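A.B. asks: Have a look at this one.
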Amino acid sequence: MAAKSPKTPFPWPALWMLMTCAFAAPAQHPGAAIYQKLCAECHGDRGQGVEDEYDEALVGEKTIEALARQIDRTMPEDAPQKSTPKDSKLIAEYIYDAFYSPMAQARLNPAKKELARLTIDQFRNSVMDVIGRFRMGPGFDRPVNAEQGLKATYRGVELPKPGEKAVDTTPKKGIKAKRPNKTIEKVEPVISFHWGPDSPDKAVLEAEQFQNRFEGSVVANETGVYEFAVKSENGFRLWINDTNEGDALIDGWVSAGPQVREEKKSLYLVGGRAYRLQLEHFKFKEKSASIELWWKTPHGVKELIPAHALRTERTRELMIVSTEFPADDSSGGYPRGTTISKAWDQAVTDAAIATAEHVVENLDELAQTKAAAPDRGEKLRKFANTFVEAVFCRPLSEDMKQLFIESHFKAAKTPETAVKRIVMLTLKSPQFLYPNLREDEATDDFDAASRLALTLWDSIPDKKLAQTAAAGKLKTREQIQAEARRMLADSRTKAKLHGFFHQWLDLERAEGTNKDPKIFPDFTPELLADLRESLLQFIDEVVWSEKSDYRELLQADYLLLNERLGKFYGHPVTGEEFQRVGFDPKQRAGVVTHPYLLASLAYTKQSSPVHRGVFLTRNIVGMSLKPPMKAVVFEDSHFNPQLTMREKITEMTRSGGCMACHSMINPLGFSLENFDAVGRWRTKDNNKPVNPVGELTTAEGKTVRLTGPRDIVNYVANNPSGHRAFIRHLFHHLIKQEPSAYGIATLENLQRDFAANNCNIQKLILDIAIVATELK
Amino acid sequence: MKHLDRRQFLRDLGISAGALPFLTGLPSLTGAPAPQKRQRLVIMFSPNGTLPNEFWPDQEGAEFSFKSILKPLEPFKKQMLILHGIANKVTGDGDSHMRGMSCLLTCDELLKGNIMGGGGNPAGWASNISIDQEIKNFLQSRKETKTRFGSLEFGVAVPERADPWTRMSYAGGNQPIAPIDDPHQILKKVYGKMKDKESLVSILDDVREDLKRVSSKLSARDKALLDQHMTLVRGLEQDLAEADKQGKLLHPVPAVDPSIELVNDNTPQISRIQIDLLVNSLSNDMARVATLQYMRSVGMAQMRWLGVEEGHHSLSHDPDDKKDSYEKLMKINTWFAGEFAYMAKRLAETPEPAGEGSMLDNTLLVWTNELGKGNTHTLDNIPYVMVGGGFGFKMGRSLKFDKAAHNRLWMSVAHAMGHDLKTFGKKELCEGGALNLAA
């Protein structure tokens, strides 16, 4: 197949390789003969490449038109004149359908669903929800009440009313302290009180001694380590999640002198959940009283716990798997469970042991029985049965009952030991760890339930979904849709979507952003944390609005700013809470110009058009880039100091090799040159006017003139290629498989419906959930 | 009340495997190799004072006879010191109970704070390290006396609240240490990894079966992942078997009834379980220092197992001539003496692992209280009874001191363990130096 002949290297796949997407062409084609004659020698008879000639396979995402133009201009390499425009078109049409296009590739190498274990998030969520089944309450059988803040109870000794005599409530015996006889209740948004020498209500309560309690729950949006801190000169105790009397997270009940003490403790929390919170505070004869409740979220800075993270409703305790797992394989661009290791097996074992211990410690509560109850044995058996069914998402066959339940109750010396073993065995079972084991078997409603829960929640089905499956009501598309719609509103879906945006917008990079403090002294960690909050709130508002319009993510001409951000970005607002601030539509366009991203895609002192351009190309415009063949580091000192950043990058990527990809990257990156290294609008760079103008050649081979971010988002928002990039990212994140594993046309169908549904993201999620769930 | 037989809880499971790094890689479960001579210190606390007339022998010296409360200790007469006349002379903030408790082992004034008692000013935590922790730090600083934990703090029926009435051990000023009164928590802390291993071993066969069964239905490509999983399970099994060979515990871990509830009425059973665990952890050389705290100062335990319905602290306030209360207090204090005697007996029955004689020959047990007498709240003549050996004290005596500060007694104990403290706690109270118990 490979005839040898000396050739110079093929010139166009230089620094980056561009690939774009389009529609299929007819199957048989006269171009085949021309291809075999002119091209096969170097590219192979099926475009597979030829060693020592052009060894890269002819695979990509260009349209036929773009391919034809490329062939006509450059092929064959030694004699481009050999191919006429008509030949080139025929060749392009032939190879496009024979092997070049993604559709052809999907047909030739059909993707299969890969067997995958639960990801770390899926494991943590599943275990939490299995235990939650036995506790229920808000967050399980209904959403947590949206009322923000904490319920406060102030207890103290009532001051005498005018003209009345004070009552001494000190008991005759025992501790010489007055007994409280007055209670005041209200909702407090934030816990930060400085009463000085007074009581919380100086008209009503004596100042000498009082006790306060703040109750509700705290919402953790992200998974990770949270630090909680209480500051007070008085006595205090803080409980998070576990509110057993003796299990306070922070116990500062006994004071030590007049100075304010700060006590802090860290706790691992799973994102998307509300955890019960209880804070007690008491003053006894100290000269002053104050109390503050702080936290530091995984990517935040230390702050008073804001009202939007507090709920007045109390939730039940959640089982938190805090075992450290080795990171999931993300080599495909999204975390998935296609590899296992000894470290992973050990983490699973540790987590199974920790869960078994939690179960045994709380067994009577979970099994709804008592130590001496005559039917305790029965209740424990029932608990074990429900537990295993919940973990495996299906009723147990007789065999399974024997293996997972009966044999342990027979062998173990005590029923507690039996339960402990059952929990460990179940959580180590492949039937739990590999949820798509049954993918090839005949599937039923329980499989559908399990897939739906994994897709939307990264977890097991809740009670309602399990009941729907048991009733055989997850068969039709309408039935699945109905359940999916209900589940969409759950905070677990929101948490999963946060994960998606984290990945799509490459927020991990943004978390580490730092700037030269000499040039940007006000770009503090606090400001960075605010930027993150601003972006995430914006995304949540758009996604969970009725329109849920993908285009608004790109085209919005406003930013959410609070006081600190408003000041920094030149649009003063007042107040801690974030508010919508309108901008000139030329200056701001959705996520693309959000300063959190602009700052992360920049150097510590300067903008970086290449980082911005690559991000836009891959994640927003939707074209894939191969890694550069030669990595070139940008060294500012190598350039004439008079140059603008645009001029430097232009010089650096001037060579023909680079420009193959940089002809795409640079104009996109340059169009954001009006934003400096921290995402502020500028009109000058290095004392010269900024030039953001450029031309972008699209996947369809057309030319788009760019004068700034608005031109990019207007092009992308209605372009199938941009849609597909978004859909593919979302599909990967939700299902953790390739779209084509669910049929060659999956992506095309999703894109078609997405466009028809006014780019509604929630509808898209439902559509993807249907793809994942529908019984085959 | 549910009848609970201690034998139900304590079963020898005969776990053979010991010191193993099977999950998180502890270098060794028990720590250092056994030195030539081991000295151990155990301090036991019971609250609310005693009845002096039923407690202190009338005689001084070797020829003394037992009053009723100390009768359970008669078998140990030759290994005993009864120390009358020791006083807690620490003054300052806090009521007598608070100072009695939180200065008992710390011997210095309490910090200022917000905890109000039955009198005096409100106070905070102790300002000094406690003697058990001081000695533990000393032993841990030396290679030949270092153990895995250094010290273990046991509790029995200690209420779930942290204040100066519930804490006697302090890692330093303002740093109270909570005693562990749940046997399961002790098991988890001391033998946790081993218990995990035992559970794990019991399910691995089933895990393998499960894998095999599921794997047989898979395509070759998917099977590869599960084959790899199977290899991991086998690896874990081998690790566990390897760990089994590495080390065996000298004394097997007692099994604890997983269903025992931590409620008042189960106190007698819990007490014995805790003592067994304490002796077991000393015999496996997990620690050389231990404390065992019953209830708390001002504790209101209702000892229905003795036929006493009233709370202990209320009874202790009644006048001596209230006969019924007096009888009940006698029962209560005698019961504590019985628990102390049980601990001595368990140690006397256990051969010294690294030498001759019994463990009791190398262990000093000290039983004390936060008050001298309940209804006067005196901090004079606080009960101090020692049982054991190996400290160079001349045992088998009833001694009478004249209001000797308890700082000096704890200095004697520290000196006997090789820790030459010049003072301990409040300096002024150390005048006269360590009490001479050797002759």
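Line by line, the protein sequences are chains E and D. Note that this note's numbering gives residue 744 to position 704 of the first sequence, counting from 1, and the numbers run on in steps of one. Note that this note's numbering gives residue 70 to position 28 of the second sequence, counting from 1, and the numbers run on in steps of one. A virtual CB, placed ideally from N, CA and C, is assigned to each residue, including glycine. Note that this is a predicted model, so its numbers are computed, not measured.
Which residue comes first and which comes last in the alpha helix (DSSP H) that contains Lys-4 (chain E)?
C.D. replies: An answer regarding residue 4 (chain E) cannot be provided, because it is not within the stretch 41 to 816 covered by chain E.
A.B. asks: Kindly confirm or deny that the stretch 264-274 of chain E and the stretch 325-340 of chain E touch, where touching means at least three C-beta pairs closer than 8 Å.
C.D. replies: Yes: the two stretches touch, three or more of their Cβ pairs being nearer than 8 Å.
A.B. asks: If we ignore side chains and look at the alpha-carbon of each, how far apart do Trp-721 (chain E) and Phe-563 (chain E) end up?
C.D. replies: Counting from 1 along the first sequence, the entry for residue 721 (chain E) is found at position 681. Counting from 1 along the first sequence, the entry for residue 563 (chain E) is found at position 523. When rounded, the distance between both Cα atoms is 15 Å.
A.B. asks: With H, G and I counted as helix, E and B as strand and the rest as coil, what does DSSP make of Lys-373 (chain D)?
C.D. replies: To locate residue 373 (chain D), count along the second sequence from 1; it is residue 331. Here Lys-373 (chain D) sits in helix by DSSP.
A.B. asks: Leu-389 (chain D): which of D:Gln-121, D:Glu-202, D:Arg-184 sits nearest, CA to CA?
C.D. replies: For this step, residue 389 (chain D) is matched to residue 347 along the second sequence. Nearest C-alpha to Leu-389 (chain D): D:Gln-121.
A.B. asks: Which residue's Cα is closest to the Cα of Arg-123 (chain D): D:Gly-431, D:Met-459, D:His-448?
C.D. replies: The sequence position of residue 123 (chain D) within the second sequence is 81, counting from 1. One point to set straight first is that residue 123 (chain D) is Leu, not Arg, in the sequence displayed. Checking every option, the nearest Cα to that of Leu-123 (chain D) belongs to D:Gly-431.
A.B. asks: Looking at the strands, I want to know which residues DSSP matches up with Asp-126 (chain D).
C.D. replies: Here residue 126 (chain D) refers to the residue found at position 84 of the second sequence. First, the residue type needs correcting, since residue 126 (chain D) is His and not Asp in the sequence shown. Paired residues: D:Lys-442.
A.B. asks: Counting only C-beta atoms, is Leu-253 (chain D) closer than 8 Å to chain E at any point?
C.D. replies: Translated into positions along the second sequence, residue 253 (chain D) becomes position 211. Answer yes: the Cβ-Cβ gap between Leu-253 (chain D) and chain E drops below 8 Å somewhere.
A.B. asks: Chain E partners of Pro-206 (chain D), CB-CB under 9 Å?
C.D. replies: Numbered from 1 along the second sequence, position 164 holds the residue referred to as residue 206 (chain D). Simply Val-294.
A.B. asks: Ordered along the chain, which non-local residues of its own chain (more than five positions away) have a Cβ less than 7 Å from that of Ser-454 (chain D)?
C.D. replies: The residue given as residue 454 (chain D) occupies position 412 in the second sequence. Closer than 7 Å at the Cβ level, and outside the excluded window around Ser-454 (chain D), lie Ala-476, Leu-477, Leu-479.
A.B. asks: Can you find the residues in the same chain that come closer than 6 Å, C-beta to C-beta, to Lys-129 (chain E), ignoring five residues on each side of it along the sequence?
C.D. replies: In the first sequence, the residue the question calls residue 129 (chain E) occupies position 89. Same-chain partners within the cutoff: Ala-108.
A.B. asks: Assuming Tyr-374 (chain E) is part of the beta strand (DSSP E), what are its boundary residues?
C.D. replies: In the first sequence, counting from the first residue as 1, residue 374 (chain E) sits at position 334. Tyr-374 (chain E) -> no beta strand (DSSP E), and no H or E assigned at all.
A.B. asks: Please confirm whether Asp-248 (chain D) has its beta-carbon closer than 8 Å to some beta-carbon of chain E.
C.D. replies: As a first step, residue 248 (chain D) must be located in the second sequence, where it is residue number 206. Answer yes: the Cβ-Cβ gap between Asp-248 (chain D) and chain E drops below 8 Å somewhere.
A.B. asks: Using a Cβ-Cβ cutoff of 8 Å, what residues of the stretch 163-185 of chain D are near chain E? List them in chain order.
C.D. replies: Residues Pro-164, Gly-166, Trp-167.
A.B. asks: Roughly how many whole angstroms lie between the Cα atoms of Ala-550 (chain E) and Pro-635 (chain E)?
C.D. replies: In the first sequence, the residue the question calls residue 550 (chain E) occupies position 510. In the first sequence, the residue the question calls residue 635 (chain E) occupies position 595. C-alpha separation (whole angstroms): 10 Å.
A.B. asks: Taking only beta-carbon atoms, is Ser-244 (chain D) less than 8 Å away from chain E?
C.D. replies: Counting from 1 along the second sequence, the entry for residue 244 (chain D) is found at position 202. It does; some Cβ of chain E falls within 8 Å.
A.B. asks: Could you round the C-beta distance between Arg-351 (chain E) and Val-184 (chain E) to whole angstroms and report it? I think they count as a contact, below 8 Å.
C.D. replies: Looking up residue 351 (chain E) in the first sequence gives position 311. Looking up residue 184 (chain E) in the first sequence gives position 144. With a Cβ gap of about 5 Å, Arg-351 (chain E) and Val-184 (chain E) count as contacting.
A.B. asks: Using a Cβ-Cβ cut-off of 6 Å (strictly less than) and excluding sequence neighbours within five positions of Gln-777 (chain E), which residues of its own chain qualify?
C.D. replies: As a first step, residue 777 (chain E) must be located in the first sequence, where it is residue number 737. Contacts found: Lys-153.
A.B. asks: Please specify which runs of the beta strand (DSSP E), each continuous and at least 3 residues long, are wholly inside the stretch 232-292 of chain E, giving them in chain order.
C.D. replies: Whole beta strand (DSSP E) segments, 3+ residues: 232-236, 245-260, 264-272, 275-280, 290-292.
A.B. asks: Can you give the Cα-Cα distance for Ala-796 (chain E) and Lys-626 (chain E), rounded to whole angstroms?
C.D. replies: Here residue 796 (chain E) refers to the residue found at position 756 of the first sequence. Here residue 626 (chain E) refers to the residue found at position 586 of the first sequence. Cα to Cα, the separation comes out at about 28 Å.
A.B. asks: On the premise that Leu-309 (chain E) lies in contact with Ala-347 (chain E), defined as a C-beta separation below 8 Å, what is that separation, rounded to the nearest angstrom?
C.D. replies: On the first sequence, position 307 is the one that residue 347 (chain E) refers to. On the first sequence, position 269 is the one that residue 309 (chain E) refers to. At roughly 19 Å, the Cβ-Cβ gap does not stay under 8 Å, so Ala-347 (chain E) and Leu-309 (chain E) are not in contact.
A.B. asks: What residues in its chain sit with their C-beta under 6 Å from that of Arg-141 (chain D), if we drop five residues either side in the sequence?
C.D. replies: Sequence index remark: in the second sequence, residue 141 (chain D) carries index 99 (1-based). Cβ within range, chain order: Val-132.
A.B. asks: Consult DSSP for Gly-709 (chain E) and reduce its assignment to one of helix, strand or coil.
C.D. replies: As a first step, residue 709 (chain E) must be located in the first sequence, where it is residue number 669. Gly-709 (chain E): helix per DSSP, three-state reduction.
A.B. asks: Val-632 (chain E) and Val-753 (chain E) look like a contact to me (Cβ under 8 Å); what is the Cβ gap, rounded to whole Å?
C.D. replies: Numbered from 1 along the first sequence, position 592 holds the residue referred to as residue 632 (chain E). Numbered from 1 along the first sequence, position 713 holds the residue referred to as residue 753 (chain E). Between Val-753 (chain E) and Val-632 (chain E) the Cβ distance is about 6 Å, and since that is below 8 Å, they are a contact.
A.B. asks: Considering only C-alpha positions, which residue in the set E:Met-359, E:Asp-241, E:Gly-762, E:Phe-139 is nearest to Arg-173 (chain E)?
C.D. replies: The residue you call residue 173 (chain E) lines up with position 133 of the first sequence. Cα-wise, what sits closest to Arg-173 (chain E) is E:Met-359.
A.B. asks: By Cβ distance below 7 Å, which residues in the same chain neighbour Phe-432 (chain E) in space, the five residues on each side in sequence not counted?
C.D. replies: To locate residue 432 (chain E), count along the first sequence from 1; it is residue 392. Cβ neighbours of Phe-432 (chain E) beyond the five flanking positions: Gln-471, Phe-472.
A.B. asks: Between which residues of its own chain and Ala-151 (chain E) is the CB-CB distance below 7 Å, once the five residues before and five after are set aside?
C.D. replies: Within the first sequence, the letter at position 111 stands for residue 151 (chain E). Counting only Cβ-Cβ distances below 7 Å, and skipping sequence neighbours, we find Glu-778, Ser-780, Ala-781.
A.B. asks: Could you run through the stretch 132-164 of chain D and flag, in chain order, every residue whose CB is less than 8 Å away from some CB of chain B?
C.D. replies: Absent from the structure: chain B. Protein chains present are E and D.
A.B. asks: Taking buried to mean at least 16 other C-beta atoms within 10 Å of its own C-beta, is Ser-166 (chain E) buried or exposed?
C.D. replies: Locating residue 166 (chain E) in the first sequence gives position 126, where the first residue counts as 1. Buried is the call here.
A.B. asks: Taking the beta carbon of Ala-493 (chain E) as the centre, do at least 16 other beta carbons fall within 10 Å, making it buried, or is it exposed?
C.D. replies: Residue mapping note: residue 493 (chain E) aligns to position 453 of the first sequence, counting from 1. Classification for Ala-493 (chain E): buried.
A.B. asks: With distance defined between alpha-carbon atoms, name the residue in D:Arg-250, D:Ala-204, D:His-126 nearest to Ile-157 (chain D).
C.D. replies: To locate residue 157 (chain D), count along the second sequence from 1; it is residue 115. Cα-wise, what sits closest to Ile-157 (chain D) is D:Ala-204.
A.B. asks: Which residues in the same chain have their Cβ closer than 6 Å to the Cβ of Val-350 (chain D), if we skip the five residues on either side of it in sequence?
C.D. replies: Position 308 of the second sequence holds residue 350 (chain D). Closer than 6 Å at the Cβ level, and outside the excluded window around Val-350 (chain D), lie Lys-370.
A.B. asks: At what residue ranges does the stretch 327-357 of chain E contain a whole run of the beta strand (DSSP E), taking only runs of 3 or more?
C.D. replies: 329-336, all fully within the stretch 327-357 of chain E.
A.B. asks: Kindly confirm or deny that the stretch 405-414 of chain D and the stretch 81-93 of chain D touch, where touching means at least three C-beta pairs closer than 8 Å.
C.D. replies: With a cut-off of 8 Å, the stretch 81-93 of chain D and the stretch 405-414 of chain D count as touching, because enough Cβ pairs lie within range.
A.B. asks: Is the CB-CB distance between Asp-385 (chain E) and Thr-363 (chain E) below 8 Å?
C.D. replies: Start at 1 with the first residue of the first sequence, and residue 385 (chain E) comes out as number 345. Start at 1 with the first residue of the first sequence, and residue 363 (chain E) comes out as number 323. Going by C-beta atoms, Asp-385 (chain E) is not nearer than 8 Å to Thr-363 (chain E).
A.B. asks: Can you list, in chain order, the residues of its chain with a C-beta nearer than 6 Å to that of Met-464 (chain E)? Leave out the 5 residues immediately preceding and following it.
C.D. replies: Within the first sequence, residue 464 (chain E) is the residue found at index 424, counting from 1. Within the same chain, Met-464 (chain E) has close Cβ partners Ala-392, Ala-396.
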